[in-house]
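**Student:**
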Amino acid sequence: MKIIHYSLLFLILILMSCSEAIEVDENIEDFKVTTDSLTFKVGDMVSFKLEGNPGIISFYSGEIGHNYAYREGRVVTTEAAKTMSFKSSVQDGTQQDQLSVKISTDFNGNLLDFANVTAANWTDITDRFILGTNSTFVASGAADISDLAVEGKPVYIAFRYLTKPQGVNGTAQKWMIRNFSLTTESEIGTLTLADSKTAWFSIVDQIPDSIPSKSTVSSTTITFQGNSFTEDDDPSSEDWAISSAIHVGNIDLGPDRPVAVKGYSDVKQESYSYVYTEPGVYDVCFVALNTNIDQTLEVVRQIKITITE
Numbered sequence: 343m344k345i346i347h348y349s350l351l352f353l354i355l356i357l358m359s360c361s362e363a364i365e366v367d368e369n370i371e372d373f374k375v376t377t378d379s380l381t382f383k384v385g386d387m388v389s390f391k392l393e394g395n396p397g398i399i400s401f402y403s404g405e406i407g408h409n410y411a412y413r414e415g416r417v418v419t420t421e422a423a424k425t426m427s428f429k430s431s432v433q434d435g436t437q438q439d440q441l442s443v444k445i446s447t448d449f450n451g452n453l454l455d456f457a458n459v460t461a462a463n464w465t466d467i468t469d470r471f472i473l474g475t476n477s478t479f480v481a482s483g484a485a486d487i488s489d490l491a492v493e494g495k496p497v498y499i500a501f502r503y504l505t506k507p508q509g510v511n512g513t514a515q516k517w518m519i520r521n522f523s524l525t526t527e528s529e530i531g532t533l534t535l536a537d538s539k540t541a542w543f544s545i546v547d548q549i550p551d552s553i554p555s556k557s558t559v560s561s562t563t564i565t566f567q568g569n570s571f572t573e574d575d576d577p578s579s580e581d582w583a584i585s586s587a588i589h590v591g592n593i594d595l596g597p598d599r600p601v602a603v604k605g606y607s608d609v610k611q612e613s614y615s616y617v618y619t620e621p622g623v624y625d626v627c628f629v630a631l632n633t634n635i636d637q638t639l640e641v642v643r644q645i646k647i648t649i650t651e
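Sequential numbering of the sequence shown, starting at 343, is according to this note's numbering.
(1) Which parts of the region 545-628 are runs of the beta strand (DSSP E), unbroken and 3 residues or longer, counting only runs that do not cross its ends?
(2) Where do the N-terminal and C-terminal ends of the alpha helix (DSSP H) with N511 fall, by residue?
(3) For Q508, collect the residues of the same chain with a Cβ closer than 7 Å to its Cβ; drop the 5 residues on either side in sequence, then sort them by chain order.
(4) Measuring only the C-alpha atoms, how far is L595 from Y503?
(5) Mind checking which residues open and close the beta strand (DSSP E) that includes A500?
(6) By Cβ distance, which residues of its chain are closer than 6 Å to K604, with the 5 residues on each side in sequence left out?
(7) Please work out which residues of its chain come closer than 7 Å, Cβ to Cβ, to A536, disregarding the five sequence neighbours upstream and downstream, and give them in chain order.
(8) Between V510, P396, S427, W464, which has its C-alpha nearest D486's C-alpha?
(9) Terminal residues of the continuous alpha helix (DSSP H) containing A457?
(10) Which residue spans inside the region 389-469 form an unbroken beta strand (DSSP E) run of at least 3?
(11) Would you list the one or two residues that DSSP bridges to D537?
(12) So T475 is in the beta strand (DSSP E); what residue range does that whole segment cover?
(13) Helix, strand or coil: how does DSSP classify I649 here?
(14) Taking the beta carbon of K626 as the centre, do at least 16 other beta carbons fall within 10 Å, making it buried, or is it exposed?
(15) Here's the rule I'm using: 16 or more other beta-carbon atoms within 10 Å means buried, otherwise exposed. How should A363 be labelled?
(16) Check whether the region 439-458 touches the region 630-650, counting contact only when three or more Cβ pairs, one atom from each stretch, lie closer than 8 Å.
(17) Please say whether F479 and T521 have beta carbons closer to each other than 9 Å?
(18) Specify, as a first and last residue, the run of the beta strand (DSSP E) that V384 falls within.
(19) With distances taken Cα to Cα, identify the nearest neighbour of I516 among Y498, I564, V510, F543.
(20) Using a Cβ-Cβ cutoff of less than 6 Å, which residues in the same chain neighbour L473 once the five nearest sequence positions on both sides are dropped?
(21) Do you know how far the Cα of V629 is from the Cα of L380?
(22) Are L533 and I467 close, meaning C-beta to C-beta below 9 Å?
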């Protein structure tokens with residue numbers, strides 16, 4: 343009991359010392375922000391003069407991702423076209439028509455059983471793209487897949503690779519897919535819904551026990567290769583590279599974030615400079631805080647500036 347009593351007393355003393363170490367300056371209203379001008383050019387060093395000495399100062403530039411108005415969160419409407427593209431190459435072997443591109447909105451996402459793949463409805467969209475014809479990677483072109491999206495449901499993108507019996511149909515070709523991208527336009531510009539790294543493609547093998555797949559997926563490339571076969575065991579088989587669920591509706595980007603200008607341990611800041619790289623009208627916000635475990639005082643200073651070409 344004594345140990346618990348002393349531990350609680352020690353914790354109380356620590357909290358008291360922290361409270362005393364950071365006194366809340368109630369004159370936080372003295373914090374002011376000014377500039378010599380409200381109009382600047384792209385690339386100019388915009389200098390903000392700071393008056394007062396609050397404990398914490400944060401800066402919102404007004405740019406996308408750093409806008410004070412969206413500090414609680416930003417949901418972006420994506421009603422424009424959903425554009426898909428990739429690059430592909432093919433080499434070795436003689437089999438034709440092995441690769442196809444498909445999309446589904448009712449796949450259950452279970453990649454552990456091939457039966458889940460065949461149970462889903464997949465729309466073939468191969469004819470919307472240009473496929474490679476040799477070992478040089480060829481751009482597929484950008485195809486709009488908005489007509490296949492269903493409100494409230496994610497989409498799954500798949501590349502299907504079919505190997506026919508090779509003793510009769512010739513050896514399988516090696517297909518490679520890179521630079522996968524699915525984008526959309528929004529009120530804040532082009533957004534990437536998924537790419538080769540974030541789509542998390544996975545190989546689903548039709549006959550993993552007797553004819554294991556040699557196809558692979560990395561963070562940059564999907565590689566399809568024919569199965570190993572013998573004269574007595576030369577079946578048809580399918581490998582699918584299937585993405586994780588890709589949400590194509592409105593996107594929650596989370597809260598916009600500020601840049602830290604000053605903390606309690608920093609010396610007084612009398613100015614802060616920033617360079618804008620795009621023209622526009624920006625609502626600049628500086629947030630000043632004086633805080634301890636008992637209370638928090640905050641003031642927000644806003645300036646609207648215009649950045650020209």
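C-beta atoms are modelled at their ideal positions from N, C-alpha and C, and glycine is treated no differently. Small disclaimer: the values here were computed from a predicted structure and weren't measured.
**Tutor:** So, from the listed chains and residues:
(1) 563-566, 579-584, 593-596, 601-604, 613-617
(2) 508-511
(3) A514, G568, F571, D576
(4) 35 Å
(5) 498-505
(6) I399, Q611
(7) L524, S585, I588
(8) S427
(9) 456-461
(10) 398-402, 416-418, 424-433, 441-446
(11) S523
(12) T475 -> no beta strand (DSSP E), and no H or E assigned at all.
(13) strand
(14) The sequence shown places Val at residue 626, not Lys. The residue in question, V626, is buried, as its Cβ has 16 or more Cβ neighbours within 10 Å.
(15) Because the pLDDT of A363 is 46, which lies under 50, any placement of that residue in the model is unreliable, and the question is left without a value.
(16) no
(17) One point to set straight first is that residue 521 is Asn, not Thr, in the sequence displayed. It is a contact, given that the beta carbons lie within the stated cut-off.
(18) Taken as a continuous stretch (DSSP letters only), V384 belongs to no beta strand (DSSP E), as it is neither H nor E.
(19) The sequence given here has Lys at residue 516, not Ile. It is I564 whose Cα lies nearest to the Cα of K516.
(20) S430
(21) 19 Å
(22) no
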